[in-house]
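To convert, take the position in the sequence shown, counting from 1, and add 9; that gives our numbering. In this text, a Cβ means the ideal position worked out from N, Cα and C, and glycines have one as well.
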Amino acid sequence: MPSTQQVAIVTGGSRGIGRAIVTRLAAQGAAICVNYTAQPQPADSLVKELRAKGATAIAVRADVSSPAEVQSLIAQAEAQLGPPTILVNNAGISSPATLETYDEAALDRMRRVNVNGVINTIRAIMDGMKTRGYGRIVNIASNAAIGTALPGTTFYAATKAEVLILTRRFAMELGRAGITVNAVCPGWIVTDMVRRNTTEAEFADRVTGMRERTMVGRVGAPEDIAAAVAFLASPEAGFTTAQVLTVDGGRMDYIGHG
Ligand code: NAP
Numbered sequence: 010m011p012s013t014q015q016v017a018i019v020t021g022g023s024r025g026i027g028r029a030i031v032t033r034l035a036a037q038g039a040a041i042c043v044n045y046t047a048q049p050q051p052a053d054s055l056v057k058e059l060r061a062k063g064a065t066a067i068a069v070r071a072d073v074s075s076p077a078e079v080q081s082l083i084a085q086a087e088a089q090l091g092p093p094t095i096l097v098n099n100a101g102i103s104s105p106a107t108l109e110t111y112d113e114a115a116l117d118r119m120r121r122v123n124v125n126g127v128i129n130t131i132r133a134i135m136d137g138m139k140t141r142g143y144g145r146i147v148n149i150a151s152n153a154a155i156g157t158a159l160p161g162t163t164f165y166a167a168t169k170a171e172v173l174i175l176t177r178r179f180a181m182e183l184g185r186a187g188i189t190v191n192a193v194c195p196g197w198i199v200t201d202m203v204r205r206n207t208t209e210a211e212f213a214d215r216v217t218g219m220r221e222r223t224m225v226g227r228v229g230a231p232e233d234i235a236a237a238v239a240f241l242a243s244p245e246a247g248f249t250t251a252q253v254l255t256v257d258g259g260r261m262d263y264i265g266h267g
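Put into structure tokens, the structure is as follows:
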């Protein structure tokens, strides 16, 4: 039973890929809850921008790694916007490391945000969606999860691989209740995440290198991911579940012998 008023919660919706997803879903008429955790300013300015265009939007701070904060996030969204129909689990962090530079605390934090965050939001939202018999859940994983060969992404890749198996298992648990669960695996997308700790010159070199690794000959934009999410979040996608949609421009540097 598709709801006529779509209500979307986008975790980490204030910047980067999340911001593009928010903008796209709002343009399609959804009321939006923009979640963030550390920086209120980008979330507030996005909400202002959306409202100026006539959209309904709120910003809610919550660390997705905290079950209590996530409960409160879902409750605030529902109280102010109505029952959520769409959940996009986009919030994620990346701490580059190799076997040599492995840092247990950094991996633990990545797991709590990238993996537990997905579990926390879905557990908090599922009862309402089950009662209403409708829901669209999209988890943002990464093409690292399916074996890209970019150095330094090993442990991040492991957390995102967990997101893929959880996507399939949760789809199996929730499908009979009218809830679909799918994943999108972005390739290299220009956001703060990939700009961090690089000079302009180093960044330009990385763009050139990453462009050469794709079949389409360019790096990704957040809007490339938003387009894929928009399909999976739509009422028309009700027969599509437990799927992983890779949106990486046709990356050619995958680890072989899988
Ligand atoms: P980004 O530019 O670093 O933005 C991250 C967003 O997540 C921000 O809104 C941030 O809010 C929020 N966030 C971080 N930790 C959070 C937490 N614990 N609770 C709630 N919100 C949190 O990242 P991005 O590049 O857009 O990445 C978005 C997603 O795509 C991530 O899951 C990432 O792993 C995945 N991805 C990205 C790429 C890429 O190339 N960029 C490739 C593959 C997959 P604050 O501003 O408040 O910190």
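Shown here, residue 27 sits in a helix according to DSSP, grouped into three states.
Distances from the CA of residue 257 to each of 149, 140 and 43 were compared; the closest alpha carbon is that of 149.
Comparing C-alpha distances from residue 77 to each of 52, 130 and 118 shows the shortest one belongs to 130.
Contact between the region 133 to 153 and the region 106 to 114 is absent: fewer than 3 CB-CB pairs across the two stretches fall below 8 Å. Taking a cut-off of 8 Å for Cβ pairs, the region 84 to 91 and the region 12 to 21 touch, as three or more such pairs fall below it. Excluding five sequence positions before and after residue 72, the CB atoms of its chain that fall closer than 7 Å to its own CB belong to 46 and 78, given in chain order. In its chain, beyond the 5 residues on either side, 104, 106 and 164 have a beta carbon closer than 8 Å to the beta carbon of residue 115.
Straight through space, the alpha carbons of residue 140 and residue 208 are spaced by roughly 50 Å. Contact check between the region 198 to 214 and the region 171 to 188: fewer than three CB pairs, one atom from each, fall below 8 Å, which does not count as touching. Excluding the 5 residues flanking it on each side, residue 118 has no same chain C-beta neighbour closer than 6 Å.
In its chain, beyond the 5 residues on either side, no residue has a beta carbon closer than 7 Å to the beta carbon of residue 167.
Proximity of the region 187 to 195 to the region 229 to 245 meets the contact definition, three or more beta-carbon pairs being nearer than 8 Å. Around the beta carbon of residue 179, a 10 Å sphere encloses 16 or more other beta carbons of the protein chains shown; the residue is thus reported as buried. Around residue 24, the same chain offers 45, 48, 51, 200 and 201 as residues with beta carbons nearer than 8 Å, after the five sequence neighbours per side are excluded.
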